[in-house]
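In our numbering, the protein residues as written are 46 to 634.
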């Protein structure tokens with residue numbers, strides 16, 4: 046994390062260092078160091094940019110240069126040992142650029158070693174070879190005259206062609222891939238020797254130049270930038286606080302989502318029960334529609350056959366009417382029979398009474414005949430026997446007459462009951478006959494009513510079929526809903542897991558923000574000069590006297606390329622522009 050913060054300030058220095066002293070004349074000092082493949086120094090050139098010239102007559106620079114070149118024009122400085130004095134009268138509307146070769150030890154010692162399949166080789170020997178390559182880069186900061194080594198931040202850029210190299214592994218740095226090129230970056234901080242490594246597999250190897258840039262780890266920034274950095278740390282603290290609130294809120298969301306999952310389970314079970322019940326209803330609806338179809342068919346058949354029914358009802362009425370007429374005749378005949386039985390009963394009663402009176406009068410003769418039986422005269426006794434026999438006959442006749450009278454009375458009673466029953470029967474039969482007549486008359490309307498009923502029931506049946514068909518669609522939809530809802534608890538759990546991961550990520554982010562804030566706060570003092578806000582290392586040429594100055598180092602190794610047969614061409618040298626001369630700084634003399 047600290048290296049990332051330092052790299053940010055490395056960029057800030059490159060952006061803002063030209064603004065640090067715009068109020069007065071100053072210079073930017075860029076030290077270009079051409080390195081050999083092993084990191085040793087081949088040559089050093091320094092390009093100075095003098096700015097803030099307006100109102101100044103001269104600019105004094107301290108340092109020992111050789112082969113000084115004015116990159117603007119032919120104006121030359123006055124040189125007195127290690128003191129250069131530049132006239133500025135002709136630079137009122139522009140800045141001054143000049144370069145010089147330097148014979149001086151670099152404050153950054155770079156050592157680069159190459160290992161091919163475990164065997165150390167020189168960089169220039171790698172061209173065209175194949176195998177496993179390991180590159181080790183060591184950075185060490187050296188001091189002048191046994192003093193303290195300058196505090197520098199160094200960034201190493203190692204471009205790798207991915208058409209040549211595969212399986213790139215970086216130790217101590219990072220890798221960014223853009224298209225077919227990988228840019229390996231290392232950041233070195235002030236301190237002891239630091240080591241960085243790159244391992245990769247290559248075929249017919251070629252290496253691009255390794256670029257190294259360095260700036261002081263302490264530098265002055267404009268007040269607005271410092272204020273902005275303070276606002277940045279305050280903002281990070283606010284973000285940190287709000288991230289904590291967001292984490293707590295996410296915790297509440299997770300709790301709510303868990304409750305939602307429980308509700309989803311209950312909902313799923315309820316929908317499953319509804320679907321099962323709905324399925325049973327739908328199955329039964331098929332029986333209902335089938336029954337309605339049968340009933341409608343029967344109703345239609347009944348409507349079609351209603352004419353025959355009416356004929357039958359009318360025939361029944363006609364038969365009942367004839368039966369009623371016959372019943373009336375029977376009733377009248379039974380009435381006459383009843384009257385005869387009454388007369389018979391009366392006559393048999395009179396006969397029985399007369400015989401009884403005769404029997405009672407004859408009983409006296411029987412008593413006399415009993416006495417006459419004692420007579421010696423046979424004729425008297427015979428007459429007496431006759432009277433006694435006659436008494437017995439009267440006795441039997443009286444008994445028979447009594448029985449006949451009882452039978453006649455019973456016959457009268459039976460015929461009377463029959464006559465009364467027939468009267469009630471005829472009366473009821475009359476009601477039946479009248480009812481049947483009404484039925485016969487009203488039944489003639491049955492075909493119309495039955496036709497209307499059959500038609501309306503057909504509409505009802507069609508509506509019911511549509512209803513149950515729609516219910517079938519509803520049932521299918523319920524099944525689909527139940528199926529989908531059954532997956533909701535699992536999906537909700539995934540949501541819980543996702544939000545838990547987010548909460549964990551927010552927690553880690555919050556911790557990272559806190560580390561960044563603390564790192565920025567801890568490193569601001571180191572990076573933005575000392576108590577006076579000024580850098581302690583301002584010049585490679587003369588750090589004691591070049592105070593109104595800033596310095597940065599740019600180093601580069603040569604590329605490793607396979608040799609190609611080149612045609613020798615005679616090229617007429619033309620006058621070099623400022624850009625051509627600037628790019629030529631990295632060419633070996």
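Don't be surprised by glycine CBs; every beta carbon is placed ideally from N, CA and C. All of these numbers come straight from a predicted model, not from anything done at the bench.
Kindly indicate which three-state DSSP category residue i falls into: helix, strand or coil?
i, result
"residue 238", "coil"
"residue 255", "coil"
"residue 279", "helix"
"residue 111", "strand"
"residue 227", "strand"
"residue 71", "strand"
"residue 135", "coil"
"residue 396", "helix"
"residue 612", "The predicted position of residue 612 is uncertain, since its pLDDT is 45 and thus under 50; a value taken from the coordinates is nonetheless stated next. Of the three classes helix, strand and coil, the one that applies to residue 612 here is coil, per DSSP."
"residue 105", "strand"
"residue 450", "helix"
"residue 82", "coil"
"residue 595", "strand"
"residue 117", "coil"
"residue 587", "coil"
"residue 250", "coil"
"residue 323", "helix"
"residue 140", "coil"
"residue 521", "helix"
Using 10 angstroms around the beta-carbon of residue i, count the other beta-carbons present and answer buried if the total reaches 16, otherwise exposed.
i, result
"residue 455", "exposed"
"residue 602", "buried"
"residue 177", "exposed"
"residue 497", "exposed"
"residue 523", "buried"
"residue 152", "buried"
"residue 477", "exposed"
"residue 90", "buried"
"residue 225", "exposed"
"residue 507", "exposed"
"residue 505", "exposed"
"residue 223", "exposed"
"residue 423", "exposed"
What number of angstroms, rounded off, separates the C-alpha of residue i from the C-alpha of residue j?
i, j, result
"residue 587", "residue 75", "13 Å"
"residue 308", "residue 525", "19 Å"
"residue 238", "residue 254", "22 Å"
"residue 389", "residue 469", "25 Å"
"residue 278", "residue 249", "50 Å"
"residue 521", "residue 342", "30 Å"
"residue 229", "residue 185", "20 Å"
"residue 585", "residue 134", "27 Å"
"residue 137", "residue 243", "49 Å"
"residue 213", "residue 246", "7 Å"
"residue 484", "residue 356", "12 Å"
"residue 334", "residue 317", "26 Å"
"residue 444", "residue 452", "12 Å"
"residue 339", "residue 515", "21 Å"
"residue 377", "residue 349", "44 Å"
"residue 110", "residue 286", "55 Å"
"residue 366", "residue 360", "10 Å"
"residue 144", "residue 96", "15 Å"
"residue 647", "residue 462", "Absent from the model: residue 647. The displayed extent of the chain is 46 to 634, so no value can be given."
"residue 313", "residue 556", "40 Å"
"residue 518", "residue 551", "47 Å"
"residue 289", "residue 535", "28 Å"
Give every residue of the same chain whose Cβ lies closer than 6 Å to the Cβ of residue i, excluding the five residues on either side of it in the sequence, and list them in chain order.
i, result
"residue 142", "94, 116, 117"
"residue 183", "156, 238, 240"
"residue 81", "87"
"residue 323", "520, 523"
"residue 188", "194"
"residue 105", "130"
"residue 446", "396, 397, 400"
"residue 600", "78, 80, 257"
"residue 210", "245, 247"
"residue 429", "414, 417, 418"
Report all residues from its chain with a CB closer than 8 Å to the CB of residue i; omit the five preceding and five following residues, and keep chain order.
i, result
"residue 591", "72, 74, 106, 107, 108, 583, 584"
"residue 120", "131, 132, 135"
"residue 436", "404, 407, 408, 410, 411, 414"
"residue 441", "none"
Is there at least one Cβ from chain D nearer than 8 Å to residue i's Cβ?
i, result
"residue 424", "Within the model displayed, chain D is absent; a lone protein chain is all it includes."
Among the residues of its own chain, which have a CB less than 7 Å from the CB of residue i, if the five just before and after it don't count?
i, result
"residue 548", "292, 295, 296, 299"
"residue 218", "229, 230, 231, 241"
"residue 503", "341"
"residue 302", "537, 540, 541, 544"
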